[in-house]
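Protein chains in written order, with numbering that gives the first Met the number 0: chain A, 0 to 252; chain B, 0 to 483; chain C, 0 to 622; chain D, 0 to 120.
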Amino acid sequence: MNFRKILALITIILLGIFILQAFLIIPEKGEIALNNFGKADIENRTAQLYIDKSVNSTNEQVIYKESKDKESGSANIVTSIVANYRALDTLGEVTVLFLAATGLSAILYNKKHAKSNFILKEDSFILKNGIKILFPLLILAGSYIIIYGHLSPGGSFQGGAVIATAFLLKLLSSKEYELDENILKIIEVTAGVSFVSIGLYGLYAEGSFLTNFLETGTIANLFSGGIVPIIYITIGLKVAVELTNIINDLMKA
Amino acid sequence: MVNLILIIALPLLAAFLIPLFNYINKKLPSIVVFLTTAINLLIIILNYNQIILEPVIIELGNWQAPFAINIYVGTLELISITVISIISLIIAFYNLNHSNFSSESKFHTLYSIIIAGIYGIVMTGDIFNLFVFIEITTVAAYGLTTFNKDKGYEAAIKYIIIGSISSVFLLMAIGFTYSAVGSLNMAVIAAASNLINPGLVRIISLLFFVGIAFEAGILPLSIWVPDVHSIAPSAVSSTLSGLVFLAGITALIKIFFNLFADPSLYVFLMIIGAISLIIGELIAYQQDDIKRMLAYSSIAQMSLVLTIISVGTKYAISGGLFQLFNHAILKTLLFLTAGLMIKYAGSRNISDFGGIAKKIPLIAVGFSVGSLGILGVPFFNGFVSKIMIVNGSLNAGEYILTFLVLFATVIEMAYYLKVIQTIFFGKISINPHKIVKSYVPIIVLITVVFLLGIYPELITKPLNQATGELLSRSDYISNVLGGM
Amino acid sequence: MSLFYYTFIPIVIAFIAYFLNKKIKLSLAILNSVVFAYLFYQISRLYNQWNIPHETISYYMFDREIQLIFQLTPLSWLFIFMTTGAGLLIAIFTIKSQQEYVLRSSFHLNFAILIGSILGVVLAGDFLTLFIFWEIMTWSSFFLISSGEKKAAQKASYRYIILSTIGAYLMVTALFIIYNQIHTFGYNQVAAHLSGLPITESIILIIMLAIPFIIKAGVFPFHVWVNGAHSNAPKEFSPFLSGLMLKVGIYGVILLLYFVPLYNILKESVNYRGLPIFNYILAIFGCITVITGTILAIRQEDVKRLVAFSSISQMGYIIMALAISTPLGFTGGLLHLMNHMIFKTTIFLSIAAVIYRTKTTKMSEMGGLIFKMPVTFTAYLIAIIALAGIPPTNGFISKWVIYQALIDKGYIFLSVAAFFGSIGSFMYVFKPLSTIFLGQLKPEHENIKEVPFLMQLPMFVLMALILLFGILPGLQMNLINQISQLLNIQPVGFTLYSITGAFGKWNSLVIFSLFVGGFLLAFIIFISAKKSKQVGLMDTYTSGEYMDDPEAYHYAYQYFRPFDRVFDSFAARSLTVIYDTFAQNIVKLGNLFRKSIVTGNGQTYAFYMVLFIVILAFAGWII
Amino acid sequence: MIDFLEKWSFFGGSVLLILIGLYGVITRKNLIKIFIGLSLMDTGINVLLVSLGYVEGGIAPIITSTINNNSYNFVDPIPQALVLTSIVIGVAVLALGLGVIIKIYEKYNTLDISEIRGLRW
């Protein structure tokens, strides 16, 4: 170990002490500090309002398949936060992904049309045929995760990632496999634009960006949650396309 | 009244659509971006009179204000977005002719998004949303940096490493804040901040500082700045230096004045800023590369702004803010003209610019107007802000700080004048590389500089109001939370 | 015409003319001359109209309206009159002299701005207005000096601007300390406030206020910029720089010492021979300035440098006279100020004329121009007679009054210095005379002609003024007494051609008649005596030997070498070195930071970040 | 004791992950390793965020046939939403960074960060 590493170690340890002391602070009476582990306070806080779906309305029980027209009526509360209460964050996040894909393709622009040089050996039989079976299944699974994102665990990011994985496998399996960039581009544009357009329509119809202007229906129905599933589908498409783009670009670099 | 969220949404929409436009016509993306920035300026102008009367809170998704994301546009934000919209319009105009990159449409996409991100940083009233917009801005900046195919990658990798580390700290600060307060809304946090354990406030505010200051030009954190700003294309350099820094400082101000208004923290900020100021100026003096010099000068200027603002009195803050906006305008001018001079002379070294003023007078005049503005010559906009800074710091009894600030200005003068003398009075030693023309952006910027220099009322009156709003947190809180 | 416009007309016209200049070649110089002539006419009509009301422009800053005040007093009238006068003469001079000068348009632009800003400085009725125009003046003169043709011009202007800026920043700091207590910049209010403060505090503030003026006037510890700037500035600008710019510094000193009655404020502080210590120190600095300027002037090989150092020493006289704060001293100072402006402008103009023809400033490369350029020679001769203080020129009268003032108060040291400077000035002004105009004509200068009439005209006017004021000092005394009344100083008795000093009366008419008589007598002897035979100079002292270093044999080279030798060790350790060392150390410090911090290694940068957090965290624990 | 361990295994563990990542970033010279460090840090901060929102015995905030909003303890849903966002951002930055690394390798023929110093002083 040279001097530099020891210095780094000492600094890191000091930094650790500094961060960890935040957890050790015991608040005096009337003060607030970090919540203890497992004691996250969600009573009377924003989180509880989200769970009760009572940001704008009164606090009522939300019952599976019974409660109707609750605000942001998706059963998965995380989804309702991601795609409705804090949808601007999500728009931003999609934008970051879009940025990464765009930036990456700008960086690797010169070799755009080169063949993948990632695969060293000739195509293996098992890989090739296994992927043939897996590919539709993965697409299906991904689509399911996206479409059921507002009802069950999972969501568009996860689903999008699964779909992108399918294409990753395709790309891995064969040197010849080429993605049609025009289609990718069309999906990319459509998904992104429709996300923003949904938001803008909300602005036009209800006077606020990204408003849930559709009827929210009954909790836990497939067609419930107003714009949440629609947004989730656009996000899912976008994520899938961007991740595929990223993989494609990286593999061809 | 047009909803101000449009100024974030429209650039994003434009960016998402650009691949399509590019398919139709290669020239279209730049025109679309130009139009969006123009529409943004229009939207802001339409809203100006109303916001100056009272702050506007935009509730996104029709959710009640403190519970979901909201956008807060007070006077400070209003001035910031006005400046941003003007400058982004000018740069977008410049991009119409000067963006001959190998993947031009992608450049415009990134540029459009970075503008949206900057607006977002300035306007948002939610700390996690702030993080998202900071990430949008930085990721776009990473991408834009790489448009220099020579050394852009090296600059970008340094930028990415530093940026990722600080984003981790920023997230940590957000997590801690959320855990303590239970909300991400700035007004709620501000209302609760007196209750938070002071030790925890220290930790959180330090983490916030580290997370944001790397985008605000404070030295140990912004050490990547000279690499990135000097390497990136001129339009990007001026965006990064003029606008991203502006947004970063605005975010810092929000954190340290709206969220945690703990006066004992200001001493830290002041010391950090002052050290960064002096070191920045001293290093800037050494540079031969003109854009590197400007980048260090940006660091110094931002540190100056931070230092002065952290004096924490009314006069000091309004002086510092004025300097911040001046810097945005002037650095845009400086980077654009410096970029054009580099293109013309085919070199980045100051010593190669000898007598360039005779060949491209307008660009040389633009550069010197920018420098003189930064140095605070009367009737340039920098003069008013400089004397406001001196007044503010003396008013608060900060004699040493005043001395340091003025000392730094003398060093600054030394290196800017070196360039001016070379370009105007130096021996002609250039064989023109390329004919460069860009009249409109430079003339517009020069006009703005003189307009603010001769009628500072245009900005000092709103600035006083903004300072008043900054210093009365309770107003901010009650504005957002309403009767709660 | 409103006072406000006096400052803005030249500035606005300058920009218009600048754009016109692309089309019509000489438009700038001619337009400037016309504008200055118009201003000169307007200003001369303002004489005796001291009750013109103040004019204000309000500016919204620092949360309240701030008034920028313009006012006219006899003192400011004197300065605006001098400024436009000198500006006019120089503008006329430049019409012809700058035909081959590349940076012509920039010169005229900045020159017009400079004139406007000086008018602004002098007409200002409060410190903020003063400061604003003061800065513009500094900047425009900076650009003027840098547009000199030599490479050294840039370095010289650099030094000038840095020093000036440091001064200006001291002033602005002091101003805002005061402003924060009284919320106004008005002269009278500031003065009243200063007199109410504790004595040490007010002295510190006053020194901070005074330093920019002292720097601009080129007084001793800050004289380092003067020689470089004067000698490297464009040849047409040097006259103005020396004749007027230095005087604007003096205006500030007068403003502080008399207008803001500093004397009253400081009366209670430590006194030396009835003089407040600040004033006495200022006078000592003036006296050191006289000595340094003189010694350094004698050493110079470059004619413009020589005259520049002479300006420094003459500034010393003025400061010395003003600092002793007696009626006679004040009068002497103001008289010398006007006279110095006139004869120093003449000297520089005649040198500019010589440079225009010979294209060099080195004395050892010239010689024997007396018959080629007689008008220039006459102008130079008369001006140096005035500079050396020989009757019947104006320079004598002002020096006479200053001596009277010094001796009257019994300041032995100051008087000795003044006499030393006077004797020294004989030595140094004689050197260019003999080397440029007398002596042997260089072969390459055979075809030189006298300068065109437009360039002669200003010299004629100035020569006439030197003699006029030498004979009729009452013309100047009339105005000076009005200024004295304004500033509550007891007037000095005078008639049209005489001044009452401490030990008697100076009657210039009598002296003039005597001189004219003597001159006629000498002239008669000269033409009736036998003509001398002309011999080649080299023939006499090389005796036919071969010369390997002709320049060393030129008699202008090291003209006063024996005298120089006495001061060699003194000159080597000049102040310039100290300033330069300071600057270099700052540069070294910056380089150290640069090399050790910005290593270019991204990893190190990341490490700084972590280190920074840790340091801040522990600093947070400690505080 | 169990409580203590549980607390520190999440809080301490996530902070430790961040620190290990950071240590890697500031000591490893290979760019790929540096990026591994960065993604470790990302992971650490995500774990930290989630564990800050943990409620003892809490379950995922999804309303199902057996669970409605009042009957059970939910964990805090907001940090989960935040983590979702931060993961994606982390991925985006990582991808971009790797792209840049590829180009750097083409240009400098090395991945040693201390040799990539074309821009300094």
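Glycine is no exception: its CB is placed at the ideal position from the N, C-alpha and C atoms.
(Q) So that I know if they touch, is there some Cβ in chain B lying closer than 8 Å to that of A:Asn75? (A) Your numbering for residue 75 of chain A matches position 76 in the first sequence. A:Asn75 is outside the set of residues whose beta carbon lies under 8 Å from a beta carbon in chain B.
Q. Buried or exposed: where does A:Lys111 fall if 16 or more other Cβ atoms within 10 Å of its Cβ makes it buried?
A. Position 112 of the first sequence, counted from the start, is the residue given in the question as residue 111 of chain A. Legend: pLDDT at A:Lys111 = 49, less than 50; position of this residue unreliable, value from coordinates given subsequently. A:Lys111 sits exposed, since fewer than 16 C-beta atoms from the chains shown fall within 10 Å of its C-beta.
Q: Just mark D:Asp2 as buried or exposed, buried being the case when its beta carbon has 16 or more other beta carbons within 10 Å.
A: On the fourth sequence, residue 2 of chain D is found 3 positions in, with the first residue counted as 1. With fewer than 16 other Cβ atoms within 10 Å, it is exposed.
Q) How long is the line joining the alpha carbons of B:Gly142 and B:Leu333, rounded to whole angstroms? A) Here residue 142 of chain B refers to the residue found at position 143 of the second sequence. Here residue 333 of chain B refers to the residue found at position 334 of the second sequence. Whole-angstrom Cα-Cα distance: 22 Å.
(Q) When you compare the CB of B:Tyr177 with every CB in chain D, is at least one pair closer than 8 Å? (A) Start at 1 with the first residue of the second sequence, and residue 177 of chain B comes out as number 178. Chain D places a beta carbon closer than 8 Å to that of B:Tyr177, counting this residue as a contact.
**Q.** Cutoff 8 Å; reference A:Leu107; Cβ partners in own chain excluding five residues on either side
**A.** Locating residue 107 of chain A in the first sequence gives position 108, where the first residue counts as 1. The beta carbon of A:Leu107 is closer than 8 Å to those of Asp248, Leu249, Lys251 and Ala252 in its chain, skipping five residues each way along the sequence.
**Q.** Backbone CA spacing between B:Thr401 and B:Gly452 [nearest angstrom]
**A.** Here residue 401 of chain B refers to the residue found at position 402 of the second sequence. Here residue 452 of chain B refers to the residue found at position 453 of the second sequence. Rounded to the nearest whole angstrom, the C-alpha separation of B:Thr401 and B:Gly452 is 22 Å.
Q. Can you list the residues of chain B that C:Leu157 reaches, using a CB-CB cut of under 9 Å?
A. Within the third sequence, numbered from 1, the residue matching residue 157 of chain C stands at position 158. As written in the sequence, residue 157 of chain C is Tyr, which differs from the Leu given in the question. Within chain B, the residues placing a beta-carbon under 9 Å from that of C:Tyr157 are Ala413, Leu416, Lys417 and Gln420, ordered along the chain.
Q.
Tell me which residue opens and which closes the beta strand (DSSP E) that A:Ile185 is part of.
A. In the first sequence, residue 185 of chain A corresponds to position 186, counting from 1. Element bounds for A:Ile185: not the beta strand (DSSP E) but the alpha helix (DSSP H), Glu180 to Glu205.
Q. Quick one: Cα of C:Asn31 to Cα of A:Ala105, how far?
A. Stepping through the third sequence from its first residue, residue 31 of chain C is reached at position 32. Stepping through the first sequence from its first residue, residue 105 of chain A is reached at position 106. The straight-line gap separating the alpha-carbon atoms of C:Asn31 and A:Ala105 is approximately 56 Å.
Q | CA nearest to the CA of C:Met60, picked from B:Leu470, B:Ile442, B:Asn478 and B:Val389 | A | Position 61 of the third sequence holds residue 60 of chain C. Nearest C-alpha to C:Met60: B:Val389.
Q.
Measuring only from the beta carbon, is C:Ser156 closer than 7 Å to any heavy atom that is part of the ligand GDP?
A. Annotation note on the ligand GDP: not contained in the displayed structure, which lists no ligands.
Q) Would you say C:Ile465 and C:Thr392 are within 8 Å of each other, going by their C-beta atoms? A) The count along the third sequence starts at 1 and reaches residue 465 of chain C at position 466. The count along the third sequence starts at 1 and reaches residue 392 of chain C at position 393. Their beta carbons are under 8 Å apart, which means C:Ile465 touches C:Thr392 by this criterion.
Q. Is DSSP giving C:Met60 helix, strand or coil here?
A. Taking the first residue of the third sequence as 1, we reach residue 60 of chain C at position 61. Look at C:Met60 here: in three-state DSSP terms it is strand.
Q.
Tell me whether the region 365-383 of chain B and the region 445-461 of chain B touch, counting them as touching only if at least three CB pairs, one residue from each stretch, are closer than 8 Å.
A. Taking 8 Å as the limit for Cβ pairs, the verdict is that the region 445-461 of chain B does touch the region 365-383 of chain B.
Q: Evaluate contact between the region 338-347 of chain B and the region 305-316 of chain B, counting only Cβ atoms and requiring at least three cross-stretch pairs below 8 Å.
A: Verdict: no, contact absent.
Q | Residue-level contact to chain G via CB, C:Phe110, 8 Å cutoff | A | The question asks about chain G, but that chain is absent: this structure's protein chains are A, B, C and D.
Q: Would you list the residues sitting across from C:Thr499 in a DSSP beta bridge?
A: Indexing the third sequence from 1 puts residue 499 of chain C at position 500. Bridge partners of C:Thr499: C:Lys504.
(Q) With DSSP as the reference, identify every bridge partner of D:Val54, one or two as the case may be. (A) Mapped onto the fourth sequence, residue 54 of chain D falls at position 55. In the DSSP output, where bridge partners are listed per residue, D:Val54 has A:Lys38.
Q: Using a Cβ cut-off of 7 Å, pull out every chain A residue sitting near D:Ser38, in sequence order please.
A: The residue labelled residue 38 of chain D in the question sits at position 39 within the fourth sequence. Chain A residues near D:Ser38: none, gap ~14 Å exceeds 7 Å.
Q: Indicate whether at least one CB of chain A lies closer than 8 Å to the CB of B:Ala231.
A: Within the second sequence, the letter at position 232 stands for residue 231 of chain B. Not a single CB atom of chain A sits nearer than 8 Å to the CB of B:Ala231.
**Q.** Close beta carbons around C:Ile160, own chain, < 6 Å, minus the five adjacent residues each side
**A.** The residue given as residue 160 of chain C occupies position 161 in the third sequence. Close CB contacts of C:Ile160 within its chain, under the 6 Å cut and outside five residues either way in sequence, are with Phe141 (chain order).
Q.
With H, G and I counted as helix, E and B as strand and the rest as coil, what does DSSP make of C:Thr494?
A. The residue given as residue 494 of chain C occupies position 495 in the third sequence. Three-state DSSP puts C:Thr494 in a strand.
Q: List the endpoints of the continuous beta strand (DSSP E) containing B:Val55.
A: Here residue 55 of chain B refers to the residue found at position 56 of the second sequence. Looking at the DSSP string, the run of the beta strand (DSSP E) that includes B:Val55 is Val55 to Glu58.
Q. Taking 8 Å as the CB-CB limit, is D:Lys102 close to chain B?
A. Within the fourth sequence, numbered from 1, the residue matching residue 102 of chain D stands at position 103. Interface with chain B (8 Å Cβ-Cβ cutoff): D:Lys102 is included.
Q) For A:Leu19, which residues in chain C fall below 9 Å Cβ to Cβ? A) Position 20 of the first sequence holds residue 19 of chain A. Neighbours of A:Leu19 on chain C: none; closest Cβ ~12 Å, over 9 Å.
Q: Mark C:Val415 as exposed unless 16 or more other C-beta atoms lie within 10 angstroms of its C-beta, in which case mark it buried.
A: Working through the third sequence from its first residue, we reach residue 415 of chain C at position 416. Residue environment: C:Val415 is assigned as exposed (fewer than 16 neighbouring CB atoms within 10 Å of its CB, all protein chains considered).
Q) By the 10 Å Cβ neighbour count, where 16 or more other Cβ atoms means buried, how is A:Phe254 classified, buried or exposed? A) A question about residue 254 of chain A goes unanswered here, because the residues of chain A that appear run from 0 up to 252.
Q. In the structure shown, what three-state DSSP assignment does A:Thr217 receive?
A. Sequence index remark: in the first sequence, residue 217 of chain A carries index 218 (1-based). The answer is strand: DSSP assigns A:Thr217 an E or B state.
Q: Thinking B:Ser297 and B:Gly216 are a contact (beta carbons under 8 Å), I'd like their distance in whole angstroms, please.
A: Looking up residue 297 of chain B in the second sequence gives position 298. Looking up residue 216 of chain B in the second sequence gives position 217. The distance from the Cβ of B:Ser297 to that of B:Gly216 is about 6 Å, consistent with a contact at the 8 Å cut-off.
Q. Can you tell me whether B:Leu416 is buried or exposed, with buried defined as 16 or more other CB within 10 angstroms of its CB?
A. Here residue 416 of chain B refers to the residue found at position 417 when the second sequence is read from its first residue. Taking a 10 Å sphere around the C-beta of B:Leu416, we find 16 or more other C-beta atoms and assign the residue as buried.
Q) In chain order, what residues of the same chain have a beta carbon less than 7 Å from the beta carbon of A:Gly201, not counting five sequence neighbours either side? A) As a first step, residue 201 of chain A is located in the first sequence; it is residue number 202 there, counting from the start. These residues qualify, in order along the chain: Ser207, Phe208, Leu209, Thr210 and Phe212.
**Q.** Distance between beta carbons of C:Pro211 and C:Met244, contact taken as under 8 Å
**A.** Your numbering for residue 244 of chain C matches position 245 in the third sequence. Your numbering for residue 211 of chain C matches position 212 in the third sequence. Contact between C:Met244 and C:Pro211 is absent: CB atoms are separated by about 13 Å, not below the 8 Å threshold.
(Q) Short of 8 Å in beta carbon distance, which residues of its chain neighbour B:Ser317, apart from the five on each side in sequence? Order them along the chain. (A) The residue you call residue 317 of chain B lines up with position 318 of the second sequence. For B:Ser317, where only same-chain residues beyond five positions count, the Cβ hits under 8 Å are Met387, Gly391, Thr459, Leu462, Asn463, Ala465 and Thr466.
Q) What residue from B:Asp261, B:Leu276, B:Glu103 and B:Ala191 has the CA that sits closest to B:Ile218's CA? A) Residue 218 of chain B sits at position 219 when you count from the first residue of the second sequence. For clarity, residue 218 of chain B is Leu in the given sequence; the question names Ile instead. A check of alpha carbon separations from B:Leu218 across B:Asp261, B:Leu276, B:Glu103 and B:Ala191 identifies B:Leu276 as the nearest.
(Q) Per the DSSP calculation, C:Glu54 is bridged to which residue(s)? (A) Working through the third sequence from its first residue, we reach residue 54 of chain C at position 55. C:Glu54 pairs with C:Phe69.
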